[in-house]
Structures are given as structure tokens and as C-alpha cells.
Amino acid sequence: MTTHHPRLTGPGETPDPHAREAEPPGPRAQDAEPPEPPEPPEPSKPSEAREQPESAQETTPPPDSPRWARPAFIALLLASAALFLWDLGASGYANQFYSAAAQAGSASWKALFFGSSDAANSITVDKPPAALWPMALSVRLFGLSSWSILVPEALMGVATVGVLYAAVRRCFGVGAGLFAGALLALTPVAALMFRFNNPDALLCLLMVCAVYCVLRALEDARTKWLLLAGVCFGFAFLTKTLQAWLILPPLALVYAVCAPTRLRRCFGQLLLGGLAMVVSGGWWVAIVELWPAGSRPYIGGSQSNSFLELTFGYNGLGRINGNEAGSVGGGRLGGGGGGGGGGGSWGDTGFTRLFGSDMGGQIAWLLPAAFLLLVAGLVVLRRAGRTDAARAAFLVWGGALLITFATFSFMSGIFHQYYNIALAPYIAALVAMGATLLWRRRDRTAAALVLAGTVAVTAAWAYVLLARSPQWLPWLRWSVAAVGAVAALGLLLSVRLGRRLAVVAAGLGVAAGLGGPVAYAANTVGTPHTGSIVTAGPKVEGAGGRHGGMIIVGGPGPGGKGGKGGQGGPPPAGQGQGQGKTPGRHGQGQNQAQPGGPTTPGQAPGTPHRGLYNSLGGLLNGQQVSPKAKAALRENAADYTWAAAAIGSQNAASYQLATQLPVMPIGGFNGSDPSPTLEQFKEYVRQGKIHYFVGGGAGGGFFGANGAQKSASSDITSWVEKNFKKVTVGSTTLYDLTKPAS
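Converting from the sequence shown to my numbering requires adding 683 to each position, the first position being numbered 1.
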């Protein structure tokens, strides 16, 4: 007998309010509450029967899908692709730090494997390399360009939307799946990061894939799905280390409680999944740790050339407690640690953190709705059986949301606005699932009341978020509030209204809830983004004075407080208020095209502004590379291992992308890593391996975590300035390391 897959009634089907009240037939009911039925065959046997119809999905929709399901799904993917690919090349090389590493990986297989910043393998980026591999392979195939670097990120976004659709659709129907996918694509921070080349796009895709696999395992306890989930978590670890394992505890707990199998077998499956995770994520770590340190690149971001130190320090526990050796000021620039609602270097912590001016417009539009609908869904399904698939889905997505929200709210270490993309799929899934569940029960007063209240709260909160940008589309916030009020009233009366009027009210509710995110996403897509720290949406009042959550010591320069770049001084690189396509965001890491600025990829728009940002010297974005400087570095480049060396990875990346030659980033990203030491650098120069030293950049190691690290880059700078000939090429200061000073 073919096992029927348990699911709620889909669009176009007869609603069955009790569909989740009883255990479905087949292997999912084998662990139902007493009296226990006779033990059925091993779950893997009958599940093979239910897998047979899935193969037919390749040619025809499954019986429980309406005819419009496949065209609608294709339309969703095409619309997402259009959103993520629109004017993609306007951002140039986006984050040049990772773009340079992709260029290096395209030129050297060793650099590809290790994730090196340069093809000569002096140092790696401060993350494991998985996120670099798709970009580097794309550059190897299609050549170096903005599109070859950013298109893989956009395709990851489309894939994430598709997997989220599939995960939600299985229990809640096609309509819910489409709604979830659309909500994800239109989340402002998602529209930003699926068009940018930080590791977060791949991490988000792998997390959604892992959740999908766990949900499939919860259906019939097939071990293969937990193994696949482990593989997803393993490669996610190779993308962004321990952040990938943040949602592991709730997923494992839900499986242990809700899986339709015996407890002993359940624990065995979890152990196998954990083993798959360790193997898929640990093979690279083992090779790196066993590889002789002298013949591999230095591990960027670490202070002892150890990937394990990087994992548990700078990229691990340091992000939680703020003790980040090697980071910007060791986690202390601009203030002390910030737990328990206090203000730290990276912004205030506490439950309201993600609702604040720095973060709210990025992710929080539907966050109240997600919390409300999570509770509502669990209440509606409170009498469902232990192995109920719909309730398990709420627990999985809800657990992932809650633990990520809590961690982001209270972590004292480095925290940037764009990290919030991790929350986007969890919010989208919960809103779509909860709204679908209540909509099918709208004839009940309680369900109608919760739907109406959710719409009212969402519209009111959208008004607050839009009011933080009072000069930007001022009509929108009033429209959202008015439409939301009408929609809430209509949903409240949906018990008495006919179906048509109820559908109209629901449509108005969706419009009110998505008006703000859609406008933010459109603004984001129409704005070029470069630098290390980027944000979505327009300028927000109250967000100035912080850089990615970090308090800016000395405050903004003359171009601050929303003044246009060029009026009283240009804005800081990677943070400007330029005169690009749309208003910028001073204090939010937004860098837009500047009049007279570079137009070719690899040359960062804008110029550093006075004060603190002169000392930062390209820490957060690269420098402009003049044609003369480019020609100088290319001259006789084949005679040298590195065409040049520069303090900090962003500075080095600018010259590397402009010339496509290896440029050594002294001190790694922050200029604070002990790579190379002064003695090592002297030896490289003696052997004739480096042609030029680029003057300036990252404050000469200003951001070291302690005295020894603090002086490493500055010692090299001082030694070069005293011993070698200074050459001015255009506006660039170079030191020819082959010509000692007279």
C-alpha cells in the first residue's frame, strides 16, 4: 500500500480543520500515544512506496497540487532571479577583500583550496574558504569581472528561495510555499546579501537546505535525510565556522522528540548525522592543521597561525563575549564590552537590539508577526500527535528563529547589520505557515482575531520603521497604516463577510505588511554597494555615528549627519553619502558612486575622509588605483613573487584586482595579524620577492589586540620608509624595495 504523505489541505481543496488532530496512517503513527498499535515494519520499507510518486513530479504535478503550482513556482524563481540580478554590475567588485581572494583562487589551485588572499599564498582570508570556491571557479571560467563574482551569489539566492518553497509546501501547500519564498526574496537584507559577495549568501542557502533535510527526516525517520542535513551543516561550517551550528540544538531536540521511530534508533540516527557533519566539515580542517605551516599560507584572523584558534577565538566565542584578539581594537574600539543591554563596541545588546535604528529596517518588518504566528500555530496544533509533521515544522523553524534571535540580540562581539540575513528564511517560513493555518480557520473567531491583530501590529510597526526615514517616501508610511487598519478590520469581520470580501481583506493585509519591505528592497537593488560593511534601504535617522554597529570614535567627519558627499569633505570609504542613484546612508557602511570617482571594477568609489578614517586607511574599503600606479606595478612583474605589499587586505585587494597580480596583504584584514613578521619581510626583500611597498593603509597595524601585534605592521612600515626610495606615482606613494635609499 502506498503511504500517503501527511499534509494540511492546500489551496483549492476542501478545508479540514481537524486534519492535524489525528495521526496519519502508516509508519508515522507507529509511536502514537497508548494504546499502541502493533509495531509496523521498519520505517524505511513502507517509505519507499511513498517515494515512488515523487519521481513522477519530474514530469507531472503530484495529485495534491493544483495545475497552477508549477507555473507559479517557476514564476517565483524567475522573479527572484530578476530581483537579485538587476543591475548587478553596478556594485563593481563589492567587497574587494573577498573578490581579491576569488581572483587569487582563479589563478592558483593552492590559493583556491586554502582561501588565500593572493595567488602567491601569503595569508588566507579570515574565514574558511567554501564561500570563495563558487566565485573563484566562476572567475576561472569566465574571467575576472563584477558579474563573474556576483552572479554565483544571486544564483544562491534563487536556490534558497526554491528550497524554502519546497520545505514549506510539503506540509502547508503550494500557496504557503510561494508566500514563504516571496517573503524571503523581498526581505531587504536578503535583497542586499544575495547581490553581494560576503559568505552569508552561501551560509543562508546551506541552513535552509539543512532545515529541509531535517523536516524530510521527521516525516518518516529515514536516515539518509539526517546524513544530508549533516553534510549541509559541515559545509556551512566551512563557510562561516561556528555560526553554522547555531541552530543545531533545537533541530536535534525536535527530531529526538518528534521523530516517528523508537528513541534508541533516533539517537543512533542523530549520531550518524553528527558524524556526517564532522566528516564533511572536518576534512579541510584536518588537512590545514596537518599541513606544514611553512609551506601553506598564514591563517588570516588568527594570532598563532592556527585555524582552530580562528574558529574558537576571533570567529567563535569571541563573537559572543567580545574578547576578539586580532579584531578591530580587539573588540574594544569605541567602548567596552556590552552584555546585558549595555552599549559596547558593536552596539547596544538586549531584546530590542534587532528592532533598533541600525537593524530594524534590515530584518524586523515581519519579526513581530513571526513571533505571534509561531505561538498561534503551536496553540492551534496543541492536540496534534507527537509525530505531527505540521507541529514539528513550527518547532523546527521556530527553534531556529528563537536561538538565532537570542544570540544576535545579546552577543557582545563583532556584529554587523547584514548578519541578519540568517533570520530571513525562518521569519518567512513562520509567517507563511502561520498565516496559512489561521486563514483556513478564519471562520473561527479566535483565528480571525489573531489574523487581524497580526496585520494591525505589522502595519503599525512598518509605520514606525518608515518614520525613521522621514524624507524618504513620506506618503508610504501613512498608506501602510491606513491599508493595514482597513485590512485588520476586514479580517476581524471575516466570520460574517463573504469569501470574496475576506480575500480582499487578506490581500490588503499582505500589501500593508509588504509595502515597507518591498520599498526597501527596491531601494537596495537600485543602489550600488561596496566595502566591508553594507546595509539595505535608505538613510535612517539615529543610525549615524555607528559603523556596522561599531561606535565611531571621534564621530562623523564634515560630511556627516546626512550631508552629501563632497560638501565639507567626502564621506568615508565604504560608508558614504554620495550622489549615486539613491540617497546614501552615512554611518551605515553604504558607499555609492562619487562624482569623478572610478568607474571600473576594482577601484573603490569615494575617498577616505579626514580624522579616524585617514587612520583606517582602507580598512573597510579599498583605494582608488590610478592608471600610472597600475602600470608601475605591472612593470617587470614576472620577476617578483609579489608585485607589491600593502598594509591591510582591502588596500592590497585594490591593487591586486586592478593588476591581477599577487599583492601581499601585510597583517591580514585588520593589519594586525603577525604575518609577516618584520624579520620575515626583510628576508622576502633580501630575496627580491617583493617589488613595491604601498605607503599608508590600515593605520600601520593600529588595530592590534596587544602591543606586539600592534607594532608588527607599523614596524614594517617604519623600516621601509627609512631604508628604501620613495616614488610618487600619480597620487600613490610607493617604495621601490629594489632601490635602497641613498
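A virtual CB, placed ideally from N, CA and C, is assigned to each residue, including glycine.
Keep in mind that this is a model prediction, so the values were computed, not measured.
If you scan the region 821 to 886 from start to end, which runs of the alpha helix (DSSP H) of 4 or more residues do you find wholly inside it?
829 to 855, 857 to 869, 871 to 876
Considering only the beta carbon of each residue, do Gly1192 and Val1147 sit closer than 7 Å?
As a first step, residue 1192 is located in the sequence shown; it is residue number 509 there, counting from the start. As a first step, residue 1147 is located in the sequence shown; it is residue number 464 there, counting from the start. No.
How would you call Glu1224, buried or exposed, if buried means at least 16 neighbouring beta carbons within 10 angstroms?
Position 541 of the sequence shown holds residue 1224. Exposed.
For the candidate residues Phe1093, Ser774, Ile1399, whose alpha-carbon lies nearest to that of Gly1033?
On the sequence shown, position 350 is the one that residue 1033 refers to. Here the closest residue by C-alpha is Phe1093.
With respect to the beta strand (DSSP E) encompassing Ile1330, which residues constitute its N-terminal and C-terminal limits?
Counting from 1 along the sequence shown, the entry for residue 1330 is found at position 647. It spans 1325 to 1330 - the beta strand (DSSP E) in which Ile1330 sits, taken as one unbroken run.
Using the three-state DSSP reduction, which class does Pro707 fall into: helix, strand or coil?
As a working mapping, residue 707 is identified with position 24 in the sequence shown. Here the model assigns Pro707 a pLDDT of 40, short of 50, so the residue's position is not dependable, and the following value carries that caveat. Coil, per DSSP.
Once the 5 residues before and after Ser989 are set aside, which same chain residues still bring their CB inside 8 Å of it?
To locate residue 989, count along the sequence shown from 1; it is residue 306. Excluding residues within five positions, the ones whose Cβ falls inside 8 Å are Glu972, Ile982.
Measuring CB atoms only, is the region 931 to 946 touching the region 822 to 831, in the sense that at least three cross pairs come out at less than 8 Å?
no
By alpha-carbon positions, which one of Val1062, Arg1183, Ala868, Val834 ends up nearest to Ser763?
Working through the sequence shown from its first residue, we reach residue 763 at position 80. The option with the nearest alpha carbon to Ser763 is Ala868.
Please go through the same chain and pick out, in chain order, the residues whose beta-carbon is closer than 7 Å to the beta-carbon of Arg852, but skip the five residues on each side of it.
Indexing the sequence shown from 1 puts residue 852 at position 169. Cβ within range, chain order: Ala859, Gly860.
Count Cβ pairs between the region 869 to 876 and the region 1203 to 1213 that sit closer than 8 Å; are there 3 or more?
Judged by Cβ distances under 8 Å, the region 869 to 876 makes contact with the region 1203 to 1213, as three or more pairs qualify.
Excluding sequence positions up to five away, which residues of its chain have a Cβ less than 6 Å from the Cβ of Leu1084?
Locating residue 1084 in the sequence shown gives position 401, counting from the first residue. Cβ neighbours of Leu1084 beyond the five flanking positions: Tyr1109.
Using alpha carbons as the reference points, say which of Leu759, Leu1050, Phe1352 lies closest to Gly1214.
Residue numbering aside, residue 1214 sits at position 531 when the sequence shown is read from its first letter. Looking at the Cα atoms, Phe1352 is the closest of the given residues.
Quick one: grab the DSSP three-state call for Met1347.
As a working mapping, residue 1347 is identified with position 664 in the sequence shown. Strand at Met1347.
Cβ atoms of Ala1107 and Thr870: under 7 Å apart, would you say?
Sequence index remark: in the sequence shown, residue 870 carries index 187 (1-based). Sequence index remark: in the sequence shown, residue 1107 carries index 424 (1-based). In this structure, Ala1107 lies closer than 7 Å to Thr870 by Cβ.
Can you give the Cα-Cα distance for Glu836 and Asn880, rounded to whole angstroms?
Here residue 836 refers to the residue found at position 153 of the sequence shown. Here residue 880 refers to the residue found at position 197 of the sequence shown. Looking at the two C-alpha atoms, the distance is approximately 6 Å.
With 16 as the cutoff for other CB atoms within 10 Å, does Ser1414 come out buried or exposed?
One-based indexing of the sequence shown puts residue 1414 at position 731. Flag for Ser1414 reads exposed.
Who are the Cβ neighbours of Lys1422 in its own chain at under 8 Å, not counting the five residues just before and after it?
Position 739 of the sequence shown holds residue 1422. Result list for Lys1422: Phe1407, Lys1408, in chain order.
With H, G and I counted as helix, E and B as strand and the rest as coil, what does DSSP make of Leu1156?
Along the sequence shown, one-based indexing puts residue 1156 at 473. It is coil, neither helix nor strand.
Let me know the secondary structure DSSP gives Gly781 once reduced to three states.
Locating residue 781 in the sequence shown gives position 98, where the first residue counts as 1. Note on residue identity: the sequence assigns Tyr, not Gly, to residue 781. DSSP places Tyr781 in helix when its eight states are reduced to three.
So, Ala819 versus Leu795, is the Cβ gap smaller than 7 Å?
Walking along the sequence shown from the start, residue 819 turns up at place 136. Walking along the sequence shown from the start, residue 795 turns up at place 112. With respect to Leu795, Ala819 sits close: the two C-beta atoms are nearer than 7 Å.
Would you tell me roughly how many angstroms separate the C-alpha atoms of Phe756 and Val1163, rounded to the nearest one?
In the sequence shown, residue 756 corresponds to position 73, counting from 1. In the sequence shown, residue 1163 corresponds to position 480, counting from 1. In a straight line, the C-alpha of Phe756 is about 28 Å away from that of Val1163.
For Arg1071, tell me which candidate among Leu909, Gly1039, Gly984, Glu902 has the shortest Cα-Cα distance.
Position 388 of the sequence shown, counting from 1, holds the residue named residue 1071. The sequence as given places Asp at residue 1071; Arg does not occur at that position. Nearest option by C-alpha distance: Glu902.
Given Lys1372, which residues of its chain have a CB within under 7 Å of its CB, disregarding the five upstream and five downstream residues?
Against the sequence shown, residue 1372 aligns to sequence position 689. Excluding residues within five positions, the ones whose Cβ falls inside 7 Å are Tyr1323, Thr1324, Trp1325.
Tell me the rounded alpha-carbon separation between Pro1051 and Phe918.
Translated into positions along the sequence shown, residue 1051 becomes position 368. Translated into positions along the sequence shown, residue 918 becomes position 235. So the alpha carbons of these two residues sit roughly 31 Å apart.
Checking the sheet assignment: what are the DSSP bridge partners for Tyr1375?
Counted from its first residue, the sequence shown places residue 1375 at position 692. DSSP output for Tyr1375 lists Ala1327, Asp1419 as bridge partner(s).
Would Leu679 and Leu1121 be called neighbours here (beta carbons separated by less than 7 Å)?
Because residue 679 is not part of the residues shown, which for the chain are 684 to 1425, the question remains open.
Could you tell me how far apart the beta carbons of Gln786 and Leu1340 are, in whole angstroms, since I believe they sit closer than 8 Å?
As a first step, residue 786 is located in the sequence shown; it is residue number 103 there, counting from the start. As a first step, residue 1340 is located in the sequence shown; it is residue number 657 there, counting from the start. So it is a contact: roughly 6 Å between Cβ atoms.
CB Cys892 to CB Val844, shorter than 7 Å?
Reading the sequence shown from its first residue, position 209 is the one you call residue 892. Reading the sequence shown from its first residue, position 161 is the one you call residue 844. No, the Cβ-Cβ distance between Cys892 and Val844 is not below 7 Å.
Where do the N-terminal and C-terminal ends of the beta strand (DSSP E) with Val1410 fall, by residue?
Start at 1 with the first residue of the sequence shown, and residue 1410 comes out as number 727. Run containing Val1410: 1407 to 1412, per the beta strand (DSSP E) assignment.
By the three-class DSSP mapping on this structure, what secondary structure does Thr924 have?
Translated into positions along the sequence shown, residue 924 becomes position 241. Thr924 falls in the helix class under three-state DSSP.
Please return the same chain residues whose Cβ sits closer than 6 Å to the Cβ of Trp908, not counting the five positions on each side in sequence.
Taking the sequence shown and counting its residues from 1, the one referred to as residue 908 is at position 225. Once the five neighbours on either side are set aside, the close Cβ partners of Trp908 are Cys896, Arg899, Ala900.
Please classify Val914: is it buried, with 16 or more other beta-carbons within 10 angstroms of its beta-carbon, or exposed?
Numbered from 1 along the sequence shown, position 231 holds the residue referred to as residue 914. A residue is called buried once 16 or more other Cβ atoms fall within 10 Å of its Cβ, and Val914 is buried on that count.
In chain order, which continuous runs of the alpha helix (DSSP H) of length 4 or greater are located wholly inside the region 1065 to 1140?
1072 to 1093, 1107 to 1122
Start and end of the alpha helix (DSSP H) containing Ala1188?
Walking along the sequence shown from the start, residue 1188 turns up at place 505. Per DSSP, Ala1188 belongs to the alpha helix (DSSP H) from 1182 to 1208.
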